[in-house]
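Visitor: Just so we're aligned, residue 46 is where the sequence shown starts under the working numbering, counting upward by one.
Note that beta-carbon positions come from the ideal geometry of N, C-alpha and C, so glycine has one too.
Just dropping this structure here.
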Amino acid sequence: MKNNAVEVWENCLKIIKDNIHYQSYKTWFAPIKPLKLENDVLTIQVPSQFFYEWLEEHYINLLKKTIKKELGSEGRLEYSIIMDNSIDQANPYSIKVPTSNKKAIANPSVQMPIDINRGTSKDIPNPFVIPGLKKIKVNSQLVDSYSFDSFIEGDCNRLARSAGFAVAENPGRTSFNPLLVYSDVGLGKTHLAHAIGVQAKNNFPDKTVLYVTTEQFIAQYIDSVRNNNQNDFVHFYQMIDILIVDDIQFLSGKEKTQDVFFHIFNHLHQNSKQLILTSDKPPVELKGMEPRLLSRFKWGLAADLQQPDLETRIAILQKRLYNDGIEMPQEVVEYIAYNVNTNVRELEGALISILAQASLNRKSITLDLAKKMIDKFVKSTTREISIDYIQKIVSDYFNLSLDAINSKTRKREIVQARQLAMYFAKKHTKASLATIGLHCGNKDHATVLHACRTVNNLVETDKQFRIFVEEIDKKIKM
Ligand code: ADP
Ligand code: MG
C-alpha cells in the first residue's frame with residue numbers, strides 16, 4: 046500500500062513530465078510540494094491562488110487521470126494554497142480546496158481599516174460625468190500596437206504574461222488584483238500593461254479602461270488640489286473598471302498622492318475592479334511608500350519580467366521586422382540578438398539604427414554593416430540615468446535619507462542636496478524642469494531653475510562646493 050505523499054507525488058510527476066512541455070512542467074509542477082496523503086486524498090501545496098487557478102484550468106484532466114492511476118478510482122487531490130494577501134505578511138496562511146470546486150475558495154475577506162468615504166462629499170456634482178449619461182466617456186490612453194500579439198512570450202516573461210492574459214479575460218475576478226508587474230527598464234512593463242488594457246477593452250467593450258502614468262496621476266492630483274476639486278478627481282478614478290497605473294515607484298515620497306491613491310485603490314478593489322500596476326522594483330524594495338499602501342500592492346500577484354534569452358530576442362526582432370514588412374538576413378538578426386543583450390528597448394534601438402544606416406546610404410543590410418553598427422552601438426549606449434538614481438547618489442554622498450531630500454524642510458544642508466539633485470537631473474536626464482521639480486520634493490519649475498543657477502554660481506565661487514559637484518558627477522556617470 047502506498048501511504049507516502051512524497052512517493053505518490055513523485056510517481057505522478059513522472060507521468061506528468063511525459064505529457065507536457067518541459068518548460069510548463071518546470072513552471073507549474075516543480076514548485077508544488079506534496080503535503081500529506083490521507084484516505085486516498087493527496088494534498089499538495091501550491092505557491093499562490095494563481096497557481097491553483099492555472100492548474101485547474103489547464104491541467105485538471107491530466108491531474109485527475111494521474112491521481113486515479115496512482116491512487117485508484119477513489120483517489121482525490123486537494124490543494125493547499127499559500128495565501129499571500131493577508132495584511133499580516135509575516136503569517137501567510139493556507140486554505141484548502143478540493144479539485145474542481147472553485148466556489149470553495151471564497152476570497153479571504155479583509156476588513157478595510159478606514160472609512161473610504163472620509164473626506165468626500167456625496168452632494169457635490171461631478172463634472173466628469175455628463176448629466177443623464179450613466180457611463181462616463183473616458184479616453185483610455187491605450188496604445189493599440191502594444192498588444193499581446195506583439196508581445197513575444199519567453200521564459201523571461203511567462204508568468205507575468207499569462208497572469209496578464211488571465212486578468213484581461215476576467216478583470217477583477219481573479220486573485221491577481223492588483224497585478225503588479227516589475228522589472229528593470231526596457232523589459233516590457235509598459236507594453237504588457239497596455240496589452241492587458243487593449244485585450245480587456247476588446248473582451249469587454251462596455252468596461253471603462255484607463256491607462257495612466259504615475260506622473261500623469263500625480264500632476265492631475267496636484268491640479269485638483271489647486272482647483273479645489275479633489276473630490277471630482279477621486280470620483281473620476283473610482284468609476285474606472287480597469288485601472289492601469291504605470292511606474293508606481295514614482296509615488297515614492299509623495300505622501301498626499303499616496304493617500305489619495307490608497308482611497309481609490311480600496312474603492313476599486315472592494316468593488317471587484319481590476320488594478321494593474323507596474324514598478325521598477327518588487328514591492329518589498331519600494332522605498333518611501335506608506336506601509337498600508339505597500340501591503341495592498343502585495344495582495345495580488347507580483348510578477349517580474351527578466352532579460353530575454355537569445356531565442357526570445359531573435360523572436361522579438363523577427364516579429365518587429367515582419368510587422369514592418371522588412372526583410373533582413375537571418376545571420377544579421379542573430380548577430381544583433383547575440384550582441385545586444387541588455388534589454389528589449391536597446392535591442393530595438395540597434396535594429397532601427399542598422400535599418401536607418403542601410404537606407405540612408407542605400408546599402409543592403411549585410412553582416413558586415415551590422416558588425417560595424419553594433420560595435421558603435423554597444424559602445425555608445427550608456428545606461429539610462431533616472432532622477433531617482435541621481436537622488437540616491439546625492440543623498441548617499443551627503444549621508445542623507447532619500448525622504449529628506451524630498452521633504453519640505455529648509456535645513457541648509459538638505460536644501461543644498463536637493464538643489465544638487467535638481468541640477469544633476471537637468472544635466473543628465475531629458476526630464477523637463479517641471480518633472481524634475483515634481484520628483485524633488487514637489488517643487489515647481491521655477492524652483493528647479495533657481496537651483497540650477499545657484500549650483501552654477503557656487504561652482505564658480507566656492508572651491509569646496511566645486512569638488513562636491515565633480516565627485517558626485519563622477520559617481521553618477523560611473
Ligand atoms: P519598460 O516599460 O519595462 O521600460 P517597455 O514596455 O517600454 O519597457 O518596452 C521597451 C520596448 O521593448 C517596447 O518597444 C516594447 O514594445 C518592446 N518589448 C519589450 N518586451 C517585449 C516582448 N516580450 N515582445 C516584444 N516587444 C517587447
Ligand atoms: Mg515603462
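1. Where Leu412 and Ser207 are concerned, what is the direct C-alpha to C-alpha distance, given to the nearest angstrom?
2. What are the partner residues of Tyr553, as DSSP defines its beta bridges?
3. Are Ala245 and Val226 touching if we call contact CB-CB under 7 Å?
4. Helix, strand or coil: which one does DSSP assign to Ala348?
5. Residues around the ligand ADP, please: the condition is that the C-beta lies closer than 5 Å to some non-hydrogen atom of it.
6. What does Glu83 pair with, by DSSP beta-bridge criteria?
7. DSSP three-state label for Lys508, please.
8. Report the partner residues of Thr258 according to the DSSP bridge assignment.
9. Between the Cα of Val188 and the Cα atoms of Asn222, Asn247 and His484, which residue gives the shortest distance?
10. Give the straight-line distance between the Cα atoms of Ile359 and Val86, rounded to the nearest whole angstrom.
11. State the beta-bridge partners of Val91 as determined by DSSP.
12. Under the three-state reduction of DSSP, which class applies to Val226: helix, strand or coil?
13. How many Å lie between Phe74 and Leu58 at the Cα?
14. If you draw a straight line from the C-alpha of Arg271 to the C-alpha of Ala479, how long is it?
15. In this structure, how does DSSP classify Gln283 when only helix, strand and coil are distinguished?
16. Three-state secondary structure (DSSP) at Ile321?
17. Identify whether Arg218 lies in helix, strand or coil by the three-state DSSP scheme.
18. So, does the segment 361 to 372 touch the segment 207 to 217, judging by three or more C-beta pairs under 8 Å?
19. Using 8 Å as the cut-off, can you tell me whether the segment 227 to 235 makes contact with the segment 320 to 331, which would need three or more C-beta pairs spanning the two stretches below that distance?
20. Going by alpha carbons, who is nearest to Lys299 out of Ala462, Glu115 and Asn487?
21. Can you round the beta-carbon distance between Val439 and Leu465 to whole angstroms, since I take them to be within the 8 Å contact cut?
22. Need the endpoints of the alpha helix (DSSP H) that Glu372 sits in, please.
23. What are the start and end residues of the alpha helix (DSSP H) that includes Val439?
24. Give the straight-line distance between the Cα atoms of Asp441 and Ile521, rounded to the nearest whole angstrom.
25. Gly209 and Leu255 - do their beta-carbons sit closer together than 7 Å?
26. Can you give the Cα-Cα distance for Gln315 and Thr219, rounded to whole angstroms?
27. Apply the 10 Å Cβ neighbour rule to Gln319 and answer buried if 16 or more other Cβ atoms are within range, or exposed otherwise.
28. Does DSSP classify Lys326 as helix, strand or coil?
29. Look at the Cβ atom of Ile241, then the Cβ atom of Thr357, and state whether they are nearer than 7 Å.
30. State the Cα-Cα distance for the pair Val183 and Val257, rounded to the nearest angstrom.
31. Just the C-alpha distance for Ser269 and Ala491, rounded to the nearest angstrom, thanks.
32. Nearest to Ser190 by CA position, among Glu83, Asp200, Cys201 and Val243, is which residue?
33. Counting C-beta neighbours from all protein chains within 10 Å, is the total for Ile512 16 or more, i.e. buried, or is it exposed?
34. Out of Leu447, Glu55, Glu123 and Ile410, which has the shortest C-alpha to C-alpha gap to Val91?
35. Quick one, which of His239, Leu392, Ala415 and Glu393 has its alpha-carbon nearest Ala403's?
Guide: From the atom records:
1. Translated into the one-based positions of the sequence shown, residue 412 becomes position 367. Translated into the one-based positions of the sequence shown, residue 207 becomes position 162. Each residue's Cα considered, the two are about 36 Å apart.
2. Residue 553 cannot be examined here, being either before or after the span of the chain that is shown, 46 to 523.
3. As a working note, residue 245 is residue 200 in the sequence shown. As a working note, residue 226 is residue 181 in the sequence shown. With respect to Val226, Ala245 sits apart: the two C-beta atoms are not nearer than 7 Å.
4. Numbered from its first residue, the sequence shown carries residue 348 at position 303. Ala348 falls in the strand class under three-state DSSP.
5. Listed along the chain, these residues meet the criterion: Phe196, Ile197, Val230, Gly231, Leu232, Gly233, Lys234, Thr235, His236, Ile361, Val389 and Arg390.
6. As a first step, residue 83 must be located in the sequence shown, where it is residue number 38. For Glu83, which the question treats as bridged, DSSP gives the partners Val86.
7. Translated into positions along the sequence shown, residue 508 becomes position 463. If DSSP states are grouped into helix, strand and coil, Lys508 belongs with the helices.
8. In the sequence shown, counting from the first residue as 1, residue 258 sits at position 213. Answer is Asp291, bridged to Thr258.
9. Along the sequence shown, one-based indexing puts residue 188 at 143. Cα-wise, what sits closest to Val188 is Asn247.
10. Within the sequence shown, numbered from 1, the residue matching residue 359 stands at position 314. Within the sequence shown, numbered from 1, the residue matching residue 86 stands at position 41. Approximately 46 Å, taken between the alpha carbons.
11. For the purposes of this step, residue 91 is taken as the residue at position 46 of the sequence shown. In DSSP, Val91 forms a bridge with Ile126.
12. Translated into the one-based positions of the sequence shown, residue 226 becomes position 181. Strand.
13. For this step, residue 74 is matched to residue 29 along the sequence shown. For this step, residue 58 is matched to residue 13 along the sequence shown. Rounded to the nearest angstrom, the two C-alpha atoms are 8 Å apart.
14. As a first step, residue 271 is located in the sequence shown; it is residue number 226 there, counting from the start. As a first step, residue 479 is located in the sequence shown; it is residue number 434 there, counting from the start. Looking at the two C-alpha atoms, the distance is approximately 16 Å.
15. The residue you call residue 283 lines up with position 238 of the sequence shown. In the structure shown, Gln283 sits in a helix (DSSP, three-state: H, G or I).
16. Counting from 1 along the sequence shown, the entry for residue 321 is found at position 276. It is a strand residue.
17. Locating residue 218 in the sequence shown gives position 173, counting from the first residue. Secondary structure at Arg218: coil, using DSSP grouped into helix, strand and coil.
18. no
19. yes
20. Here the question's residue 299 lines up with position 254 in the sequence shown. Of the listed residues, the one whose Cα sits closest to Lys299 is Asn487.
21. Indexing the sequence shown from 1 puts residue 439 at position 394. Indexing the sequence shown from 1 puts residue 465 at position 420. Val439 to Leu465, Cβ: 5 Å. Contact.
22. What you label residue 372 is simply residue 327 of the sequence shown in a count that begins at 1. Segment: none, Glu372 is in no alpha helix (DSSP H) and carries neither H nor E.
23. In the sequence shown, counting from the first residue as 1, residue 439 sits at position 394. Its alpha helix (DSSP H) spans residues Ile432 to Tyr442.
24. Against the sequence shown, residue 441 aligns to sequence position 396. Against the sequence shown, residue 521 aligns to sequence position 476. Using only the alpha carbons, I get a separation of about 11 Å.
25. Walking along the sequence shown from the start, residue 255 turns up at place 210. Walking along the sequence shown from the start, residue 209 turns up at place 164. Not closer than 7 Å, so no.
26. Position 270 of the sequence shown, counted from the first residue, corresponds to residue 315. Position 174 of the sequence shown, counted from the first residue, corresponds to residue 219. Each residue's Cα considered, the two are about 13 Å apart.
27. By one-based count along the sequence shown, residue 319 stands at place 274. For Gln319, the number of other beta carbons within 10 angstroms of its own is at least 16, and it is reported as buried.
28. Here residue 326 is taken as the residue at index 281 of the sequence shown, counted from 1. Here Lys326 sits in coil by DSSP.
29. For the purposes of this step, residue 241 is taken as residue 196 along the sequence shown, with counting starting at 1. For the purposes of this step, residue 357 is taken as residue 312 along the sequence shown, with counting starting at 1. Not closer than 7 Å, so no.
30. What you label residue 183 is simply residue 138 of the sequence shown in a count that begins at 1. What you label residue 257 is simply residue 212 of the sequence shown in a count that begins at 1. The straight-line gap from Cα to Cα measures roughly 12 Å.
31. The count along the sequence shown starts at 1 and reaches residue 269 at position 224. The count along the sequence shown starts at 1 and reaches residue 491 at position 446. Taking the straight line from one Cα to the other gives about 20 Å.
32. Start at 1 with the first residue of the sequence shown, and residue 190 comes out as number 145. Ser190 has its Cα closest to that of Val243, out of Glu83, Asp200, Cys201 and Val243.
33. In the sequence shown, residue 512 corresponds to position 467, counting from 1. Burial call: exposed.
34. Locating residue 91 in the sequence shown gives position 46, where the first residue counts as 1. The option with the nearest alpha carbon to Val91 is Glu123.
35. If you number the sequence shown from 1, residue 403 lands on position 358. If we check each option's Cα against that of Ala403, Ala415 comes out closest.
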